[in-house]
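Protein chains in written order, with full-length UniProt numbering: chain A, 1 to 647; chain B, 1 to 95.
A virtual CB, placed ideally from N, CA and C, is assigned to each residue, including glycine.
What follows is a short report on a single structure.
And the structure:
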């Protein structure tokens with residue numbers, strides 16, 4: 001292989017990206033050396049098993065990926081802003097919409113949600129960490145290895161270009177001969193292992209590590225939503241694992257699972273992809289429902305309306321999510337009987353979702369609502385998500401879907417579901433729980449400015465797409481002629497995209513500004529909230545709870561505050577904690593190289609990297625680590641320092 | 001004493017899983033499709049139960065209810081995937 005095949009050449013945008021990657025990497029290396037932070041980075045972050053720090057790392061990665069995917073989105077909008085644009089060529093456009101989709105779903109929304117659940121779930125159930133802290137670090141580093149592998153594809157070897165759904169036969173070696181789709185199968189496989197482990201880890205954590213008195217039906221709604229989400233993860237992700245494995249065999253070893261000859265079946269890829277892909281939508285959205293439930297009940301100053309029906313509706317959604325996948329390919333050739341069945345199951349999902357919407361509205365009803373930034377996102381979510389849901393029911397009607405299948409109408413629909421449903425939720429959760437992790441709130445004025453930019457620009461960007469789709473503009477077209485009349489609405493959409501970019505820049509500026517100037521919170525409970533995580537001091541000490549709380553009902557912390565009763569009357573004793581380990585990080589590095597060598601079919605290095613992975617796994621299995629104890633005096637001191645009073 | 005130390009269940013499970021794998025190979029012989037499928041389904045179900053009960057200790061802990069619910073859910077998803085795929089591509093295919 002020659003060097004000009006290894007690196008992507010010929011595009012000034014990509015040269016610019018290469019230069020900036022080199023400059024930023026040099027700046028980071030220089031900064032770490034100059035400020036002598038290598039030891040700090042290794043001790044406090046790379047080897048950590050603390051669920052809060054792992055959560056923070058997930059969220060930092062998610063924010064970076066939000067900008068990577070956001071730049072992709074801006075490039076796409078710029079290319080289609082006017083007819084016959086010459087900004088990007090067709091191949092580059094294909095690569096960009098593919099990476100935009102993959103990154104936003106798998107490397108932005110998922111890690112953001114995983115970050116929030118890592119930080120919050122153990123705190124909400126009164127636990128000191130997750131059930132398997134080391135496994136949790138492995139999950140993170142595998143996700144990180146997969147994400148980095150996927151991200152280098154655009155300068156080394158070329159990005160995948162067959163859409164985020166990578167349909168066969170287009171994604172086969174015959175029609176996509178570059179290494180792009182090898183990156184797709186391998187990076188998703190590696191980060192998928194991490195996701196699966198997270199699913200197992202959090203199910204065990206939630207089922208086994210709840211504080212005394214916290215029965216399942218007393219858990220905060222966010223914890224419930226994470227439990228259901230993890231159940232969906234462990235049943236949906238194996239399907240993706242197998243599909244990606246078959247894809248890898250097809251592309252690297254010449255097998256014929258998804259080809260059109262020799263007994264292969266290309267449509268089986270679409271089938272397996274969506275058997276995973278539809279539950280995946282709920283993996284992203286159910287935690288969001290949990291976040292909104294927490295925020296709405298906190299800022300309406302009321303307990304959540306219809307707790308039991310909230311839980312039941314999530315259980316029903318999780319079951320239905322496995323019964324609807326064929327609605328992604330109504331036009332593939334199955335008969336009216338099949339399409340009719342999947343239409344009905346799809347529309348049925350609107351029922352439990354509707355129950356949840358009404359529950360939120362009833363929670364707001366007669367509440368004393370305070371319009372904080374997280375609450376604004378939650379309130380904007382309700383109407384915008386409802387538009388997304390209603391257009392979803394329109395798409396669910398198979399016969400009507402033949403009209404707008406794979407048009408911009410669909411693109412508008414899923415952005416109307418995923419942006420309020422996932423992005424608004426994680427940003428709302430980010431603002432809401434930020435003081436818990438860092439000890440100060442984000443600035444409200446900047447936060448609200450960013451909110452209005454994002455909420456308004458979102459509608460300006462995506463509402464025109466409904467009309468473009470109904471007029472017949474198909475998705476994934478890189479240009480169009482002036483006679484189509486698609487120009488003005490696309491230009492409007494471009495203007496909205498710029499507004500969205502400004503909103504997200506404001507959001508990041510707010511983090512910078514607040515870090516420097518926001519007053520520090522000493523109470524640990526700046527929002528006057530309800531669940532157990534707010535009973536700890538902020539920032540949360542490494543052991544979370546000095547004494548394990550005793551739970552007497554729902555909203556335990558709220559009633560402890562109201563009745564002026566302490567959550568526990570036990571004395572502080574020494575606390576057992578897991579010790580740090582560098583092996584998960586090393587494992588992630590080994591997996592990265594294994595994936596990278598396999599992408600280029602470099603067999604000898606792949607085998608060496610594979611053996612390295614096995615050796616690391618073996619040493620981890622035989623490792624004996626009993627953790628360490630924090631003495632009681634040290635805990636008393638820490639509590640006094642953080643709370644500013646005597647315990 | 002020796003009886004208590006000897007892991008009889010695990011050895012039995014190990015041997016029976018080997019035997020079941022060997023029995024499944026019978027389908028390589030010349031026989032009707034229906035009997036091949038019958039052999040595969042029966043051995044697969046037995047194999048799965050051996051793994052779950054003898055090696056993964058389903059039903060031994062006090063919260064066996066949640067383990068059984070989990071297995072039922074796994075069965076639900078697996079069967080829906082298999083029969084849904086057949087429904088789409090074989091029984092319900094437009095022709």
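Would a C-beta distance cut-off of 9 Å place residue i and residue j closer than the cut-off?
i: residue 557 (chain A); j: residue 520 (chain A); result: no
i: residue 540 (chain A); j: residue 570 (chain A); result: no
i: residue 284 (chain A); j: residue 188 (chain A); result: no
i: residue 196 (chain A); j: residue 241 (chain A); result: yes
i: residue 609 (chain A); j: residue 594 (chain A); result: yes
i: residue 69 (chain A); j: residue 114 (chain A); result: no
i: residue 232 (chain A); j: residue 321 (chain A); result: yes
i: residue 377 (chain A); j: residue 318 (chain A); result: no
i: residue 416 (chain A); j: residue 341 (chain A); result: no
i: residue 552 (chain A); j: residue 525 (chain A); result: no
i: residue 38 (chain A); j: residue 102 (chain A); result: no
i: residue 437 (chain A); j: residue 56 (chain A); result: yes
How should residue i be labelled, buried or exposed, when 16 other C-beta atoms within 10 angstroms of its C-beta is the threshold for buried?
i: residue 26 (chain B); result: exposed
i: residue 90 (chain A); result: exposed
i: residue 4 (chain B); result: exposed
i: residue 52 (chain A); result: buried
i: residue 77 (chain B); result: buried
i: residue 592 (chain A); result: buried
i: residue 401 (chain A); result: buried
i: residue 56 (chain B); result: exposed
i: residue 94 (chain B); result: exposed
i: residue 324 (chain A); result: buried
i: residue 646 (chain A); result: The predicted position of residue 646 (chain A) is uncertain, since its pLDDT is 48 and thus under 50; a value taken from the coordinates is nonetheless stated next. Label assigned to residue 646 (chain A): exposed.
i: residue 313 (chain A); result: buried
i: residue 499 (chain A); result: buried
i: residue 228 (chain A); result: buried
i: residue 326 (chain A); result: buried
i: residue 301 (chain A); result: exposed
i: residue 210 (chain A); result: buried
Helix, strand or coil for residue i, going by three-state DSSP, please let me know.
i: residue 649 (chain A); result: This structure does not reach residue 649 (chain A), given that chain A is present from 1 up to 647, and the question cannot be answered.
i: residue 597 (chain A); result: helix
i: residue 360 (chain A); result: helix
i: residue 602 (chain A); result: coil
i: residue 577 (chain A); result: strand
i: residue 38 (chain A); result: helix
i: residue 649 (chain A); result: The structure shown does not extend to residue 649 (chain A), since chain A is modelled only from 1 through 647, so no value can be given for it.
i: residue 520 (chain A); result: strand
i: residue 47 (chain A); result: coil
i: residue 557 (chain A); result: helix
i: residue 414 (chain A); result: helix
i: residue 95 (chain B); result: coil
i: residue 85 (chain B); result: helix
i: residue 440 (chain A); result: strand
i: residue 7 (chain A); result: strand
i: residue 334 (chain A); result: strand
i: residue 80 (chain A); result: coil
i: residue 229 (chain A); result: helix
i: residue 646 (chain A); result: Low per-residue confidence applies at residue 646 (chain A): pLDDT is 48, beneath 50, and the placement is therefore not dependable, though the value from the model is reported in the following sentence. Coil at residue 646 (chain A), not helix or strand.
i: residue 345 (chain A); result: helix
i: residue 105 (chain A); result: helix
Can you pull out the residues from the stretch 316-335 of chain A whose beta carbon lies closer than 7 Å to at least one beta carbon of chain B?
322, 323, 326, 333, 334 and 335
Count Cβ pairs between the stretch 445-459 of chain A and the stretch 395-408 of chain A that sit closer than 8 Å; are there 3 or more?
no
Looking at chain A, which residues of the stretch 38-67 of chain B have a Cβ within less than 7 Å of any of its Cβ atoms?
66
Would you call the stretch 502-512 of chain A in contact with the stretch 593-606 of chain A, where contact means no fewer than 3 C-beta pairs closer than 8 Å?
no
Kindly confirm or deny that the stretch 13-33 of chain B and the stretch 613-625 of chain A touch, where touching means at least three C-beta pairs closer than 8 Å.
no
Any residues in the stretch 206-226 of chain A with a beta carbon nearer than 7 Å to a beta carbon of chain B? Which ones, in chain order?
207
With a threshold of 8 Å, are at least 3 pairs of Cβ atoms found where one atom belongs to the stretch 85-100 of chain A and the other to the stretch 475-490 of chain A?
yes
Residues of the stretch 235-246 of chain A whose Cβ lies closer than 7 Å to any Cβ of chain B, in chain order
235 and 239
Against chain B: residues of the stretch 174-202 of chain A by CB proximity under 7 Å
none
Beta carbons nearer than 7 Å to chain B: which residues of the stretch 271-304 of chain A have them?
271 and 275
Residues of the stretch 23-46 of chain A with Cβ closer than 7 Å to any Cβ of chain B, in chain order:
none
The stretch 129-145 of chain A: positions lying closer than 7 Å to chain B by Cβ
none
Please confirm if the stretch 214-226 of chain A is in contact with the stretch 623-639 of chain A, defined as three or more CB-CB distances below 8 Å between the two stretches.
no
Quick one: any contact between the stretch 298-315 of chain A and the stretch 264-280 of chain A, if contact means 3 or more CB pairs under 8 Å?
no
Would the stretch 568-584 of chain A count as touching the stretch 45-60 of chain A if we require 3 or more Cβ pairs under 8 Å?
yes
Give me the subset of the stretch 393-412 of chain A whose CB atoms are less than 9 Å from a CB atom of chain B, sorted by chain position.
none
Along the stretch 72-92 of chain B, what residues have a CB closer than 9 Å to any CB found in chain A?
73, 74, 76, 77, 78, 80, 81, 84, 85, 87, 88, 89, 91 and 92
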